[in-house]
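Undergrad: Numbering (our numbering), first residue to last: 2 to 460. Ideal Cβ positions, reconstructed from N, Cα and C, are used throughout, including at glycine. Treat the numbers as computed from the prediction; the structure is a model and nothing was measured. Have a look at the structure that comes next, please.
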């Protein structure tokens with residue numbers, strides 16, 4: 002099919018630290034071409050939940066404006082929206098139907114009926130079912146069937162993974178999107194969207210844990226033998242690390258974020274003990290010197306806690322002890338910390354790598370779009386295409402011809418945006434021969450021998 006006949010699908014990632022809107026279309030090779038991109042700082046979202054609807058609306062509209070600026074030919078009305086937050090829960094159910102016309106082969110309509118029945122599952126008051134995901138199917142006495150369409154039998158059933166969320170939290174997201182002049186085409190659990198963006202078929206088969214480290218939450222999705230086994234939302238993310246640095250070192254939040262990004266490491270033993278960061282003083286106060294090792298100790302303590310949660314969830318579903326041959330795939334904005342791969346491998350006991358959303362992305366785009374920060378947004382577009390190709394949702398039959406703008410092509414010169422924060426920036430990092438006392442004293446020096454590997458390329 003000519004790519005001009007494919008729909009343009011927009012993913013909207015409403016995160017704690019940023020809101021991103023990306024418009025994409027599949028080309029003739031089945032790869033995503035990005036034809037619109039905009040982002041804005043997020044102010045009304047905390048720990049993945051929309052709390053201040055007005056602030057969230059402003060941020061969504063700013064992201065949309067930037068998206069239109071990148072490509073004035075775009076027309077955006079419907080969006081796929083990611084959802085996360087503390088309120089997200091999951092449960093396992095079982096469903097079966099007895100077929101009336103059992104002399105015929107099983108059809109998609111019967112599978113849809115089986116899935117639709119699960120939306121009647123009892124859940125606590127105040128919650129709402131977000132998604133019902135089939136796992137393995139059974140037909141009569143035959144088990145572990147990935148797709149039963151075309152089989153013959155009397156009874157067809159399946160195990161289901163049901164994802165639920167708080168009604169008020171879901172309502173707030175929908176209201177913010179609608180008041181921004183958009184229609185929510187579907188709500189998609191963020192770890193599933195991220196997983197779609199960074200995984201290939203071989204990852205699904207081998208078994209993999211996707212860990213999406215966002216600003217307010219860390220999202221987990223576990224796949225084994227091609228089946229979604231578990232999802233979870235861990236209530237800590239990159240913003241918690243920034244707040245820890247702010248409190249522990251007595252600096253401003255913007256300075257803490259800047260230090261984390263520029264000089265942070267997830268392994269204190271890999272940080273130089275004689276390196277210091279100079280922070281300009283406020284209003285005539287003397288400059289402050291921050292030890293890079295102290296900074297790393299704070300980051301390691303919080304990141305280890307997040308990975309401990311990941312390990313706990315893997316043990317809960319029996320997916321630890323190297324059962325997952327694909328290991329842990331870390332994505333999201335928080336995945337770009339130095340030495341995070343080594344810390345993850347040490348805490349979980351599994352191999353780890355950084356997941357970039359390039360698996361399904363067409364070549365030739367600016368490098369910004371291939372950052373793990375946008376995994377969720379790219380995955381939301383892929384979810385839209387899955388709906389389109391499976392006829393699960395109605396899409397327009399006539400699609401407007403929109404070219405990829407030069408600003409989003411790799412050859413384009415992209416200007417760096419200057420930091421306009423009012424606080425004074427971090428000036429420099431320098432070496433100092435003075436000894437520095439271990440800030441936390443939590444981890445033994447012997448751990449350093451386990452991580453004598455080269456610095457990972459996740460920066």
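Below 8 angstroms, how does it come out for the region 177–187 and the region 296–308: are there three or more Cβ pairs, yes or no?
TA: No, the region 177–187 is not in contact with the region 296–308.
Undergrad: Examine the Cβ distances between the region 328–340 and the region 255–267 and report whether three or more of them are shorter than 8 angstroms.
TA: Short answer: they touch.
Undergrad: Which class does residue 373 belong to by DSSP, given the choice of helix, strand or coil?
TA: In the chain shown, counting from the first residue as 1, residue 373 sits at position 372. Of the three classes helix, strand and coil, the one that applies to residue 373 here is helix, per DSSP.
Undergrad: Closest to residue 80 by CA distance: which of 284, 177 and 253 is it?
TA: Numbered from 1 along the chain shown, position 79 holds the residue referred to as residue 80. For the residues 284, 177 and 253, the minimum Cα distance to residue 80 belongs to 177.
Undergrad: Can residue 10 and residue 382 be called in contact, C-beta distance under 8 angstroms?
TA: For this step, residue 10 is matched to residue 9 along the chain shown. For this step, residue 382 is matched to residue 381 along the chain shown. Cβ atoms of residue 10 and residue 382: closer than 8 angstroms.
Undergrad: Could you tell me how far apart the beta carbons of residue 49 and residue 218 are, in whole angstroms, since I believe they sit closer than 8 angstroms?
TA: In the chain shown, residue 49 corresponds to position 48, counting from 1. In the chain shown, residue 218 corresponds to position 217, counting from 1. With 8 angstroms as the limit, residue 49 and residue 218 qualify as a contact, their Cβ atoms being about 4 angstroms apart.
Undergrad: In the DSSP assignment, what residue or residues form a beta bridge with residue 190?
TA: For the purposes of this step, residue 190 is taken as the residue at position 189 of the chain shown. DSSP output for residue 190 lists 84 as bridge partner(s).
Undergrad: At a cut of 8 angstroms, does the region 152–170 reach the region 194–201 through at least three beta carbon pairs?
TA: Segments in contact, no.
Undergrad: Express the C-alpha separation of residue 214 and residue 247 in angstroms, rounding to a whole number.
TA: Here the question's residue 247 lines up with position 246 in the chain shown. Here the question's residue 214 lines up with position 213 in the chain shown. Between residue 247 and residue 214, the C-alpha separation is close to 19 angstroms.
Undergrad: Of the choices 118, 330 and 334, whose alpha-carbon is the least far from that of residue 163?
TA: If you number the chain shown from 1, residue 163 lands on position 162. Comparing Cα positions, the closest option is 118.
Undergrad: May I have the straight-line CA-CA distance separating residue 224 from residue 84, to the nearest angstrom?
TA: Residue numbering aside, residue 224 sits at position 223 when the chain shown is read from its first letter. Residue numbering aside, residue 84 sits at position 83 when the chain shown is read from its first letter. Roughly 19 angstroms separates the two Cα atoms.
Undergrad: Provide the residue span of the beta strand (DSSP E) that contains residue 92, from first to last.
TA: Sequence index remark: in the chain shown, residue 92 carries index 91 (1-based). It spans 90–99 - the beta strand (DSSP E) in which residue 92 sits, taken as one unbroken run.
Undergrad: Tell me which same chain residues have a C-beta within less than 8 angstroms of the C-beta of residue 290, skipping the five on either side of it?
TA: Residue mapping note: residue 290 aligns to position 289 of the chain shown, counting from 1. 277, 278, 279, 280 and 433, listed in sequence order.
Undergrad: Look up residue 195 in the DSSP assignment and say whether it is helix, strand or coil.
TA: Within the chain shown, residue 195 is the residue found at index 194, counting from 1. Correct three-state label for residue 195: helix.
Undergrad: By the DSSP assignment, the beta strand (DSSP E) with residue 329 in it spans what residues?
TA: By one-based count along the chain shown, residue 329 stands at place 328. Run containing residue 329: 329–332, per the beta strand (DSSP E) assignment.
Undergrad: Return the CA-CA distance between residue 475 and residue 283, expressed in angstroms with no decimal places.
TA: No answer is possible for residue 475: the residues shown for the chain start at 2 and end at 460.
Undergrad: Based on the DSSP output, what are the partners of residue 128 in its beta bridges?
TA: Within the chain shown, residue 128 is the residue found at index 127, counting from 1. Note: residue 128 sits in a beta bridge opposite 167.
Undergrad: Please report the Cβ distance between residue 210 and residue 193, rounded to the nearest whole angstrom; I am assuming they are in contact, meaning their Cβ atoms lie under 8 angstroms.
TA: The sequence position of residue 210 within the chain shown is 209, counting from 1. The sequence position of residue 193 within the chain shown is 192, counting from 1. Not a contact, Cβ separation roughly 13 angstroms.
Undergrad: Within its chain, find whatever has a CB closer than 6 angstroms to the CB of residue 151; leave out the 5 residues flanking it on each side and keep chain order.
TA: The residue labelled residue 151 in the question sits at position 150 within the chain shown. Once the five neighbours on either side are set aside, the close Cβ partners of residue 151 are 106.
Undergrad: How is residue 389 classed by DSSP in three states: helix, strand or coil?
TA: Looking up residue 389 in the chain shown gives position 388. Helix.
Undergrad: Does the structure place the region 369–380 close enough to the region 16–31 that three or more beta carbon pairs sit under 8 angstroms?
TA: Taking 8 angstroms as the limit for Cβ pairs, the verdict is that the region 369–380 does touch the region 16–31.
Undergrad: Out of curiosity, what's the CA-to-CA distance linking residue 389 and residue 75?
TA: Your numbering for residue 389 matches position 388 in the chain shown. Your numbering for residue 75 matches position 74 in the chain shown. Near 19 angstroms, if we compare the C-alpha coordinates of residue 75 and residue 389.
Undergrad: Assign residue 27 to one of three DSSP states: helix, strand, or coil.
TA: In the chain shown, the residue the question calls residue 27 occupies position 26. In this structure, residue 27 counts as strand in the three-state DSSP scheme.
Undergrad: Can you give me the C-alpha to C-alpha distance between residue 174 and residue 51, rounded to a whole angstrom?
TA: Counting from 1 along the chain shown, the entry for residue 174 is found at position 173. Counting from 1 along the chain shown, the entry for residue 51 is found at position 50. If I take the Cα positions, the gap works out to 6 angstroms.
Undergrad: Report yes or no: do the region 235–245 and the region 306–324 share at least 3 C-beta pairs separated by less than 8 angstroms?
TA: Yes, since at least three Cβ pairs between the region 235–245 and the region 306–324 fall closer than 8 angstroms, the two stretches touch.
Undergrad: Among 149, 70 and 167, which has the Cα closest to the Cα of residue 87?
TA: By 1-based counting over the chain shown, the position of residue 87 is 86. Closest option to residue 87, Cα to Cα, is 167.
Undergrad: Quick check: what's the CA-CA separation for residue 139 versus residue 100?
TA: Position 138 of the chain shown, counted from the start, is the residue given in the question as residue 139. Position 99 of the chain shown, counted from the start, is the residue given in the question as residue 100. Near 13 angstroms, if we compare the C-alpha coordinates of residue 100 and residue 139.
Undergrad: Just how far apart, CA to CA, sit residue 208 and residue 319?
TA: One-based indexing of the chain shown puts residue 208 at position 207. One-based indexing of the chain shown puts residue 319 at position 318. About 12 angstroms.
Undergrad: What do you reckon, are the CB atoms on residue 17 and residue 39 nearer than 8 angstroms?
TA: For the purposes of this step, residue 17 is taken as residue 16 along the chain shown, with counting starting at 1. For the purposes of this step, residue 39 is taken as residue 38 along the chain shown, with counting starting at 1. Contact flag unset, no.
Undergrad: Between residue 294 and residue 243, what straight-line distance do the alpha-carbon atoms span, to the nearest angstrom?
TA: Start at 1 with the first residue of the chain shown, and residue 294 comes out as number 293. Start at 1 with the first residue of the chain shown, and residue 243 comes out as number 242. Cα to Cα, the separation comes out at about 16 angstroms.
Undergrad: Express the C-alpha separation of residue 250 and residue 256 in angstroms, rounding to a whole number.
TA: Within the chain shown, numbered from 1, the residue matching residue 256 stands at position 255. Within the chain shown, numbered from 1, the residue matching residue 250 stands at position 249. About 10 angstroms.
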